[in-house]
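Structure record follows, encoded as structure tokens.
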Amino acid sequence: MIKIVPYLQIHVAYYRYPRLKQDLKLTPVRPVVNPSASILDESRFINNPAYEQTTQDLYDPGWAGRLIENRIDGWVKKDKGMIDESKENGIECAMKILHTPVRLYATGGVESYVLNLTRSLADLGHEVKVICSESDKDMGCDPRVSVETLRSWGRIANTNITPGLPLALLKENFDVMHTHLPTPWSADWSLLACLAKKKPLILTYHNDIVGSGIDRYLASLYNATALNLLLKRSARILVARPRHVSFRLKPFMDKVEFVPVGVDVQLFHPRERKPEGDIFFLSVLDAFHSYKGLDVLLGALKAVKEQIPQVILVVGGGGELLEHYRQRGRELGLEKNVRFEGRLSQQRLLEIYNGCKLFVLPSLSAEQEGFGIVPLEAMACGRPVVVTDIVGVAEDVGRTGAGIVVKPADENALSRAIVSIIADGKSAARMGDAGRRLVEEKYSWKTVALQVERIYREAAEDGQN
């Protein structure tokens with residue numbers, strides 16, 4: 002039974018200081034008073050993953066006293082003119098957060114990042130909105146997150162051009178805006194809107210802007226001009242991979258924050274499913290995402306087939322290069338060993354994660370690979386992974402034994418890693434268990450959202466100052 006002392010302390014202060022009803026605060030706890038009961042509403046803590054409050058805190062007799070002391074001290078300082086009341090209220094209340102990814106619903110790492118982060122920010126009680134271009138709805142969005150989609154007039158490289166974006170952003174009322182690279186159009190208009198409204202812009206730098214053919218020249222022009230302004234005027238720059246920080250960020254390291262990508266450990270978890278092949282690979286199958294390394298994986302699969310003739314690779318995702326990869330499989334004699342699933346619903350994705358024996362992400366480019374969310378999802382489902390050493394989670398995979406790390410473009414090493422996991426079920430199970438523990442401890446979206454929330458509040462406070 003929870004001790005009564007903290008509640009008596011709060012009950013007394015409740016009547017002595019009526020403002021306690023609406024002004025309670027103890028970082029990192031978010032207490033709320035239930036006016037009808039005139040006591041602290043503990044339901045906001047019990048079985049609520051959005052908060053860091055623990056049972057031990059509730060048993061601590063000094064907890065309520067520290068809470069009340071913290072609040073009363075703030076009121077005294079405010080009454081003496083030592084605290085800007087509007088600033089304090091801005092920190093305490095829920096924030097209005099606007100995200101501006103290029104797309105939201107389509108399969109992709111940035112899209113998944115925004116879907117999960119916005120949901121987790123809504124869990125924390127914030128008002129969250131997303132403005133983006135129209136896209137195929139491969140994934141659903143949390144109903145608490147408002148989404149406004151804009152008509153796209155085509156693409157340049159991987160960026161949708163939405164002429165309605167500038168006006169849409171200027172109409173919005175927000176406390177902080179969060180945009181994303183490598184999609185310049187939405188990121189640059191976001192900066193201009195923030196400058197016009199004198200609001201902070203948070204930039205997640207997922208990876209460098211590169212390209213091939215004419216896109217390569219456009220990327221070089223952008224990197225030499227507008228990118229520097231975006232980086233210079235962003236309030237904070239979020240980076241997921243400390244080991245692979247772009248050289249373009251070096252002059253701005255004073256504002257770089259290292260925040261890992263997360264995974265929904267409640268949605269992605271081990272479950273009994275029928276077998277879905279041996280190896281799973283997931284990516285958008287277009288020219289921009291060729292760095293994910295499916296060509297290399299197909300080459301390695303040919304060597305795997307020599308030892309495991311019935312091996313099955315399941316490829317998820319659609320795009321303009323789907324037929325290219327089908328043809329490549331036929332050229333390698335792998336028609337019966339590769340199954341292309343196309344775009345996957347969330348339910349189908351969960352079935353394949355839990356039905357495969359391992360997940361493989363053989364990424365080739367450190368400049369283009371942002372972090373690699375999909376290995377986290379696979380590990381959350383208790384599956385071993387094989388990744389190249391440029392993938393964001395690679396160091397933790399090797400350290401915890403959650404899978405095997407290989408060098409990029411090394412088909413021989415990749416095939417050996419795949420065979421070793423398929424051939425040793427007990428070792429694969431240990432890897433899967435280690436991966437699940439890793440994501441629970443370090444990569445839950447709850448943990449990530451709390452870090453991002455802190456950054457938002459600091460940026461907003463800096464802006465007010």
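This note's numbering applies: residue 2 is where the sequence shown begins, and numbers increase by one.
The beta carbon of each residue, even a glycine, is placed where N, CA and C say it ideally should be.
Query	Result
Beta bridge counterpart(s) of Cys133 as assigned by DSSP	Thr150
Three-state class that DSSP yields for Leu125 in the structure shown	coil
CB contact flag (Ala460, Pro261, <7 Å)	no
Ala450, DSSP secondary structure in three states	helix
Asn159 beta carbon less than 7 Å from that of Phe248	no
Cβ pair Ala429, Ile419 closer than 7 Å	no
Every unbroken beta strand (DSSP E) inside the stretch 213-288 [3 residues or more]	237-240, 257-259 and 280-283
Status (buried if at least 16 other CB within 10 Å, exposed otherwise) for Phe259	exposed
Nearest-angstrom beta carbon gap, Ile238 and Tyr206 [assumed within contact, 8 Å]	5 Å
Identity of the residue in Ile391, Leu314 and Gly343 nearest Ser416 by Cα	Leu314
Segment limits, alpha helix (DSSP H) that includes Glu441	Gly426 to Lys443
Residues near Tyr223 in its chain [Cβ-Cβ closer than 7 Å; skip 5 each side]	Pro185 and Ile210
Residue nearest to Asp434 in terms of C-alpha spacing, selected from Val387, Gly404, Ala450 and Tyr457	Gly404
Per DSSP, the bridge partner or partners of Arg156	Asn161
Where the alpha helix (DSSP H) through Arg331 begins and ends	Leu323 to Glu332
Cα-Cα separation, Leu27 to Asp463	Because the pLDDT of Leu27 is 34, which lies under 50, any placement of that residue in the model is unreliable, and the number read from its coordinates should be weighed accordingly. Distance between the alpha carbons of Leu27 and Asp463 is about 21 Å.
Cα-Cα separation, His127 to Leu170	19 Å
First through last residue of the alpha helix (DSSP H) which encompasses Gly343	Looking at the DSSP string, Gly343 is not in any alpha helix (DSSP H); the run it does join, the beta strand (DSSP E), is Val339 to Gly343.
C-beta contact flag for Ser191 and Thr101 at 7 Å	yes
Contact belief for Ile374 with Ser113 at Cβ below 8 Å, rounded distance in angstroms	5 Å
Sequence-distant residues of the same chain with beta carbon closer than 6 Å to Gly294, five excluded per side	Pro363, Ser364 and Leu365
DSSP three-state assignment for Ile84, whether helix, strand or coil	The predicted position of Ile84 is uncertain, since its pLDDT is 40 and thus under 50; a value taken from the coordinates is nonetheless stated next. Coil.
Meets three-Cβ-pair contact criterion under 8 Å: the stretch 311-330 and the stretch 385-403	no
Cβ neighbour criterion (16 or more within 10 Å) applied to Thr226	exposed
Status (buried if at least 16 other CB within 10 Å, exposed otherwise) for Leu230	exposed
First and last residue of the uninterrupted alpha helix (DSSP H) at Thr401	Ala395 to Thr401
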